[in-house]
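Here the structure is laid out as structure tokens; the discussion comes afterwards.
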Amino acid sequence: MAAAAAVAALLPIGASAQDNGWTLSECVNYAIEHNVSIRQYEIAKEQRENDLSTAKGNNLPSVGAYIGQSFDFGRGLTINNTYENKNTRNTSFAIQAQMTLFDGLQSINGVKVSRLNLAAATEDLQAAKEDVGIRVAQAYLQVLSAKEVAEAATEQANLSRTQLARKEALLKNGKTSEAEVAAARSLVAQDEMTAVKSEGDYKLALLDLSQLLELASPDSLNVARPDTAALVDQLATPEQIYQEALAAKASIRAAQIRTESAEQNIKVARGAYAPTLNLQAGVSTGYYGISGQDVDSFGDQMSNNLNKSISLSLNIPLFNRFATRNGVRSAQMTYTSSLVELEDSRKTLYKEIQQAYYNAVAARATYESSVAAAESAEAAFRLAEGKYAEGLSSSTEYAEARTNRLTALANKIQYKYNLIFRAKILDFYRGAQLQ
Numbered sequence: 000m001a002a003a004a005a006v007a008a009l010l011p012i013g014a015s016a017q018d019n020g021w022t023l024s025e026c027v028n029y030a031i032e033h034n035v036s037i038r039q040y041e042i043a044k045e046q047r048e049n050d051l052s053t054a055k056g057n058n059l060p061s062v063g064a065y066i067g068q069s070f071d072f073g074r075g076l077t078i079n080n081t082y083e084n085k086n087t088r089n090t091s092f093a094i095q096a097q098m099t100l101f102d103g104l105q106s107i108n109g110v111k112v113s114r115l116n117l118a119a120a121t122e123d124l125q126a127a128k129e130d131v132g133i134r135v136a137q138a139y140l141q142v143l144s145a146k147e148v149a150e151a152a153t154e155q156a157n158l159s160r161t162q163l164a165r166k167e168a169l170l171k172n173g174k175t176s177e178a179e180v181a182a183a184r185s186l187v188a189q190d191e192m193t194a195v196k197s198e199g200d201y202k203l204a205l206l207d208l209s210q211l212l213e214l215a216s217p218d219s220l221n222v223a224r225p226d227t228a229a230l231v232d233q234l235a236t237p238e239q240i241y242q243e244a245l246a247a248k249a250s251i252r253a254a255q256i257r258t259e260s261a262e263q264n265i266k267v268a269r270g271a272y273a274p275t276l277n278l279q280a281g282v283s284t285g286y287y288g289i290s291g292q293d294v295d296s297f298g299d300q301m302s303n304n305l306n307k308s309i310s311l312s313l314n315i316p317l318f319n320r321f322a323t324r325n326g327v328r329s330a331q332m333t334y335t336s337s338l339v340e341l342e343d344s345r346k347t348l349y350k351e352i353q354q355a356y357y358n359a360v361a362a363r364a365t366y367e368s369s370v371a372a373a374e375s376a377e378a379a380f381r382l383a384e385g386k387y388a389e390g391l392s393s394s395t396e397y398a399e400a401r402t403n404r405l406t407a408l409a410n411k412i413q414y415k416y417n418l419i420f421r422a423k424i425l426d427f428y429r430g431a432q433l434q
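Just so we're aligned: the sequence shown equals residues 0 to 434 in numbering that gives the first Met the number 0.
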């Protein structure tokens with residue numbers, strides 16, 4: 000699907016094979032296939048297809064057949080202009096056809112309107128798929144972020160357990176105090192609690208993603224970890240992105256098509272001013288019988304009573320209580336309204352792109368700062384860890400370094416995925432495809 004390919008570009012997935020998990024493109028495709036709101040847009044598109052078929056049919060002739068049977072009883076007028084009691088029966092057959100030759104081009108323009116409405120419905124469906132894809136991508140990145148934070152918390156808990164084991168060994172050798180061992184146990188408990196909480200956050204992120212995918216349970220859901228070595232290239236300017244987005248965004252294309260449809264509807268409304276020329280043709284025959292009298296046979300009457308007709312009728316509108324005039328005015332107002340909506344959609348798009356651009360700029364600066372902070376915190380922690388292991392620093396100093404390290408690492412992970420999302424959103428506005 001085009002929407003899936005465009006949205007899947009939010010992340011590079013070249014290294015997804017290293018995990019047996021769902022890639023972003025797989026998540027997006029699955030969500031689009033199972034999303035209930037997407038189905039509603041598909042039904043709306045099918046309705047527009049049916050409307051187009053109906054509009055095309057309006058240019059075809061209509062053909063109908065008629066069969067009638069009647070019985071008359073009692074007194075009736077004879078051919079001699081006298082009355083007498085008689086019973087009659089009459090059987091009639093007819094085939095009639097009618098075709099509009101000219102109706103002010105209303106039928107032809109109606110087909111154009113229906114075709115444009117179908118195109119707009121198609122773009123609405125595409126836009127709905129893009130919206131679902133964006134939400135899936137955001138949830139997908141949140142899962143990856145929560146997963147890395149949980150792994151970092153687990154690693155920290157393991158480091159604290161290692162330190163506790165060292166302190167217990169030193170206590171046996173009389174090289175540390177019970178207080179230091181108790182402090183080490185406290186740090187292990189704190190880190191284990193943080194790890195449990197981080198794992199819970201990861202499970203909740205998986206739940207959010209599974210619900211977007213319409214999965215019954217997140218238990219079997221595992222996402223593939225992408226390659227994030229090259230996070231962000233140089234960002235395009237909002238003006239550059241906007242020019243590309245005008246052609247790429249389905250919501251803008253839908254608004255443009257609706258404007259064209261509204262303009263075409265003016266021609267349909269004006270067509271009611273023109274005369275209507277219709278062609279009619281028919282063939283009829285029948286059988287007539289009178290009780291007590293000899294008549295020609297059924298076959299002879301069917302042949303002898305055969306009647307053929309063809310006619311043209313011209314309907315010239317003179318005055319219809321201003322219905323046509325007001326219909327044209329209404330169509331013109333709808334067209335003007337569609338132009339305003341299109342302009343508003345373009346302005347809204349540009350504002351969204353501006354906001355996305357500055358969010359990406361801020362996210363890049365924040366991530367670069369978080370990398371430096373994480374490196375500093377890691378170096379400080381390793382130094383404090385060595386001193387603490389040798390009994391050269393207190394548990395309070397070690398705990399502070401440990402907390403700073405974990406906080407800085409968690410921030411780096413979160414800012415990393417936030418940067419990926421913000422930067423690739425800009426590519427999404429440009430209609431980027433999966434590479």
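Virtual Cβ for every residue (Gly too), placed ideally from N, Cα, C.
Around the beta carbon of tyrosine 356, 16 or more other beta carbons lie within 10 angstroms, which makes this residue buried. Here phenylalanine 297 carries a helix assignment [DSSP, helix/strand/coil]. Per the C-alpha coordinates, the member of Ser106, Gln46, Gln239, Val35 positioned closest to aspartate 426 is Gln239. Secondary structure at leucine 311: strand, using DSSP grouped into helix, strand and coil. Separation of arginine 381 and lysine 196 (C-alpha to C-alpha, rounded to the nearest whole angstrom) is 24 Å.
A residue is called buried when at least 16 other Cβ atoms come within 10 angstroms of its Cβ; asparagine 34 meets this threshold and is buried. Here glutamate 389 carries a coil assignment [DSSP, helix/strand/coil]. Here glutamate 262 has Tyr334 as same chain residues with Cβ atoms under 6 Å from its own Cβ, once five neighbours each way along the sequence are excluded. A Cβ-Cβ distance of about 7 Å is found for the pair asparagine 303 and aspartate 295, placing them in contact under the 8 Å criterion. Rounded to the nearest whole angstrom, the CA to CA distance from tyrosine 397 to glutamate 191 is 16 Å. Out of Leu100, Val62, Asn108, the CA that lies nearest to the CA of lysine 266 is found in Asn108. Around the Cβ of tyrosine 272, a 10 Å sphere holds fewer than 16 other Cβ atoms; the residue is exposed. When Cβ pairs closer than 8 Å are counted between the two stretches, the stretch 363-380 is seen not to touch the stretch 129-148, the count staying below three. Within a 10 Å sphere around the beta-carbon of glutamate 129 sit 16 or more other beta-carbons, which makes this residue buried.
Residue pairing of serine 283 in beta bridges, as defined by DSSP: Ala93, Asn306.
Taking the C-beta atoms as reference points, leucine 51 is found no nearer than 8 Å to valine 142.
When beta bridges are read from the DSSP output, phenylalanine 101 appears opposite Leu276. Residue burial annotation: serine 144 is buried, with at least 16 other C-beta atoms found within 10 angstroms of its C-beta. Taking 8 Å as the cut-off, the Cβ atoms of alanine 373 and leucine 408 count as close.
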